[in-house]
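Student: One gets my numbering by counting positions in the sequence shown from 1 and adding 1 to each. Every residue, glycine too, gets a C-beta built ideally from N, C-alpha and C.
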Amino acid sequence: MAGIRCKNVVKYELDSIGVYYCSVDLGQVELKDDITAGQRTQLIAALSKQGLELMDDKKAIAIEKIKNVIVEMVHYADEMPKTKNSVYIAEKLNHDYTYLSNLFSEVTGITIEQYIIVHKIERVKELLLYDELSLTQISYKLGYSSAAHLSSQFKKITGLTPSFFKNRKNKRFNKFENV
(Lines of atoms letter the chains of each structure in order from A; the text may use other names.)
(Lines give C-alpha, C1' and ligand atoms only; values in the text may rest on other atoms or scores of the structure.)
Protein backbone atom coordinates (compact mmCIF):
# COMPACT_ATOMS: atom_id res chain seq x y z
CA MET A 2 0.00 0.00 0.00
CA ALA A 3 2.79 2.44 0.88
CA GLY A 4 4.45 1.74 -2.47
CA ILE A 5 1.36 2.79 -4.41
CA ARG A 6 1.01 5.92 -2.30
CA CYS A 7 4.67 6.86 -2.89
CA LYS A 8 4.34 6.37 -6.65
CA ASN A 9 1.19 8.51 -6.73
CA VAL A 10 2.86 11.28 -4.72
CA VAL A 11 5.86 11.28 -7.07
CA LYS A 12 3.60 11.38 -10.15
CA TYR A 13 1.58 14.25 -8.67
CA GLU A 14 4.69 16.27 -7.81
CA LEU A 15 6.25 15.67 -11.25
CA ASP A 16 3.01 16.75 -12.92
CA SER A 17 2.73 19.89 -10.78
CA ILE A 18 6.19 21.15 -11.73
CA GLY A 19 5.81 20.21 -15.39
CA VAL A 20 8.24 17.31 -15.58
CA TYR A 21 7.18 14.72 -18.13
CA TYR A 22 7.88 11.07 -17.37
CA CYS A 23 7.51 7.71 -19.10
CA SER A 24 7.14 5.63 -15.96
CA VAL A 25 7.27 5.86 -12.18
CA ASP A 26 8.20 2.83 -10.13
CA LEU A 27 9.43 2.39 -6.57
CA GLY A 28 12.83 4.03 -6.37
CA GLN A 29 12.94 4.88 -10.07
CA VAL A 30 11.53 7.43 -12.49
CA GLU A 31 12.10 7.36 -16.24
CA LEU A 32 11.94 10.91 -17.58
CA LYS A 33 10.99 11.87 -21.14
CA ASP A 34 13.36 14.87 -21.14
CA ASP A 35 16.20 16.19 -19.01
CA ILE A 36 15.17 18.00 -15.84
CA THR A 37 16.29 21.58 -15.27
CA ALA A 38 18.14 22.67 -12.12
CA GLY A 39 15.08 24.68 -11.07
CA GLN A 40 12.73 21.75 -11.54
CA ARG A 41 15.14 19.53 -9.63
CA THR A 42 15.18 21.96 -6.70
CA GLN A 43 11.37 22.17 -6.75
CA LEU A 44 11.06 18.38 -6.88
CA ILE A 45 13.45 17.89 -3.95
CA ALA A 46 11.48 20.40 -1.85
CA ALA A 47 8.09 18.92 -2.81
CA LEU A 48 9.16 15.35 -2.11
CA SER A 49 10.71 16.38 1.19
CA LYS A 50 7.37 17.87 2.33
CA GLN A 51 5.81 14.46 1.63
CA GLY A 52 8.50 12.61 3.61
CA LEU A 53 10.25 11.35 0.48
CA GLU A 54 13.68 12.05 -0.92
CA LEU A 55 15.36 12.17 -4.29
CA MET A 56 18.20 9.68 -4.45
CA ASP A 57 21.09 10.10 -6.86
CA ASP A 58 23.59 7.72 -5.29
CA LYS A 59 23.58 4.44 -7.23
CA LYS A 60 24.42 2.44 -4.11
CA ALA A 61 21.55 3.98 -2.15
CA ILE A 62 19.18 3.30 -5.04
CA ALA A 63 20.31 -0.35 -5.22
CA ILE A 64 19.83 -0.76 -1.44
CA GLU A 65 16.31 0.70 -1.68
CA LYS A 66 15.48 -1.67 -4.52
CA ILE A 67 16.70 -4.64 -2.47
CA LYS A 68 14.65 -3.51 0.53
CA ASN A 69 11.55 -3.01 -1.65
CA VAL A 70 11.85 -6.51 -3.13
CA ILE A 71 12.14 -7.98 0.37
CA VAL A 72 9.20 -6.00 1.74
CA GLU A 73 7.04 -7.03 -1.23
CA MET A 74 8.15 -10.65 -0.86
CA VAL A 75 7.48 -10.87 2.89
CA HIS A 76 4.58 -8.51 3.48
CA TYR A 77 2.55 -8.46 0.27
CA ALA A 78 2.97 -11.83 -1.45
CA ASP A 79 0.46 -14.56 -0.64
CA GLU A 80 3.35 -16.89 0.14
CA MET A 81 7.11 -16.87 -0.02
CA PRO A 82 8.71 -17.73 -3.38
CA LYS A 83 9.56 -21.37 -3.97
CA THR A 84 13.11 -20.50 -5.02
CA LYS A 85 15.93 -19.51 -2.69
CA ASN A 86 15.81 -15.91 -1.50
CA SER A 87 19.12 -15.23 -3.23
CA VAL A 88 17.82 -16.47 -6.59
CA TYR A 89 14.53 -14.59 -6.21
CA ILE A 90 16.23 -11.27 -5.36
CA ALA A 91 18.86 -11.63 -8.09
CA GLU A 92 16.19 -12.37 -10.71
CA LYS A 93 13.91 -9.54 -9.58
CA LEU A 94 16.75 -7.00 -9.70
CA ASN A 95 18.56 -8.53 -12.67
CA HIS A 96 21.90 -8.45 -10.82
CA ASP A 97 24.37 -10.96 -9.46
CA TYR A 98 23.37 -11.88 -5.90
CA THR A 99 26.97 -11.79 -4.60
CA TYR A 100 27.26 -8.18 -5.74
CA LEU A 101 23.90 -7.27 -4.16
CA SER A 102 24.72 -9.09 -0.94
CA ASN A 103 28.14 -7.49 -0.54
CA LEU A 104 26.77 -4.03 -1.32
CA PHE A 105 23.87 -4.44 1.12
CA SER A 106 26.15 -5.62 3.94
CA GLU A 107 28.67 -2.87 3.28
CA VAL A 108 26.09 -0.10 3.35
CA THR A 109 23.63 -1.32 6.02
CA GLY A 110 25.89 -3.31 8.33
CA ILE A 111 23.63 -6.39 8.21
CA THR A 112 23.20 -9.17 5.69
CA ILE A 113 20.26 -9.49 3.34
CA GLU A 114 19.27 -12.69 5.14
CA GLN A 115 19.22 -10.89 8.50
CA TYR A 116 17.06 -8.16 6.96
CA ILE A 117 14.68 -10.81 5.59
CA ILE A 118 14.47 -12.52 9.00
CA VAL A 119 13.61 -9.24 10.74
CA HIS A 120 10.84 -8.59 8.22
CA LYS A 121 9.53 -12.14 8.47
CA ILE A 122 9.31 -11.80 12.26
CA GLU A 123 7.43 -8.51 11.87
CA ARG A 124 5.04 -10.27 9.48
CA VAL A 125 4.62 -13.11 12.00
CA LYS A 126 3.67 -10.54 14.64
CA GLU A 127 1.03 -9.07 12.33
CA LEU A 128 -0.40 -12.49 11.52
CA LEU A 129 -0.45 -13.49 15.19
CA LEU A 130 -2.35 -10.31 16.04
CA TYR A 131 -4.90 -10.95 13.29
CA ASP A 132 -5.49 -14.35 14.91
CA GLU A 133 -6.72 -15.92 11.66
CA LEU A 134 -3.95 -18.47 11.09
CA SER A 135 -2.35 -21.06 13.33
CA LEU A 136 1.38 -20.92 13.97
CA THR A 137 1.82 -23.91 11.65
CA GLN A 138 -0.06 -22.09 8.87
CA ILE A 139 2.00 -18.94 9.46
CA SER A 140 5.23 -20.94 9.32
CA TYR A 141 4.18 -22.50 6.01
CA LYS A 142 3.08 -19.15 4.58
CA LEU A 143 6.44 -17.57 5.39
CA GLY A 144 8.56 -20.45 4.16
CA TYR A 145 9.75 -21.92 7.45
CA SER A 146 10.51 -25.63 7.59
CA SER A 147 8.36 -26.02 10.71
CA ALA A 148 6.49 -24.14 13.43
CA ALA A 149 9.34 -25.06 15.79
CA HIS A 150 11.88 -23.35 13.53
CA LEU A 151 9.67 -20.26 13.35
CA SER A 152 9.22 -20.25 17.14
CA SER A 153 12.96 -20.54 17.68
CA GLN A 154 13.71 -17.65 15.32
CA PHE A 155 10.87 -15.56 16.80
CA LYS A 156 12.24 -16.01 20.31
CA LYS A 157 15.79 -15.24 19.17
CA ILE A 158 14.68 -11.95 17.61
CA THR A 159 11.99 -10.77 20.06
CA GLY A 160 12.93 -12.53 23.28
CA LEU A 161 9.37 -13.90 23.46
CA THR A 162 7.70 -17.07 22.28
CA PRO A 163 4.96 -16.59 19.68
CA SER A 164 2.31 -17.86 22.12
CA PHE A 165 3.48 -15.47 24.86
CA PHE A 166 3.43 -12.59 22.34
CA LYS A 167 -0.10 -13.51 21.26
CA ASN A 168 -1.37 -13.95 24.85
CA ARG A 169 0.16 -10.64 25.88
CA LYS A 170 -1.87 -8.94 23.16
CA ASN A 171 -5.05 -10.70 24.29
CA LYS A 172 -4.52 -9.69 27.93
CA ARG A 173 -4.01 -6.08 26.89
CA PHE A 174 -7.33 -6.06 25.01
CA ASN A 175 -9.14 -7.77 27.88
CA LYS A 176 -8.02 -5.03 30.27
CA PHE A 177 -9.58 -2.38 28.03
CA GLU A 178 -12.80 -4.33 27.62
CA ASN A 179 -13.34 -4.27 31.40
CA VAL A 180 -12.97 -0.48 31.66
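Among the residues of its own chain, which have a CB less than 7 Å from the CB of V180, if the five just before and after it don't count?
Tutor: The predicted model places V180 with a pLDDT of 47, which falls under 50 and marks its position as unreliable, so this point remains unresolved.
Student: Across the stretch 91-103 and the stretch 122-139, are there enough close Cβ pairs to call them in contact, namely three or more that are closer than 8 Å?
Tutor: No, the stretch 91-103 does not touch the stretch 122-139.
Student: What span of residues does the beta strand (DSSP E) with L94 cover, start to end?
Tutor: From DSSP, L94 is part of no beta strand (DSSP E) but of the alpha helix (DSSP H) over N86 to L94.
Student: So E107 is in the alpha helix (DSSP H); what residue range does that whole segment cover?
Tutor: Residues Y98 to T109.
Student: Out of curiosity, what's the CA-to-CA distance linking Q115 and F105?
Tutor: Approximately 11 Å between the Cα atoms of the pair.
Student: Tell me, which residues are paired with S24 by DSSP?
Tutor: Paired residue(s): E31.
Student: Let me check understanding here. Comparing Cα to Cα, which of I90, T42 and G19 lies closest to M74?
Tutor: Nearest C-alpha to M74: I90.
Student: Quick one: grab the DSSP three-state call for K156.
Tutor: Note: K156 maps to helix in three-state DSSP.
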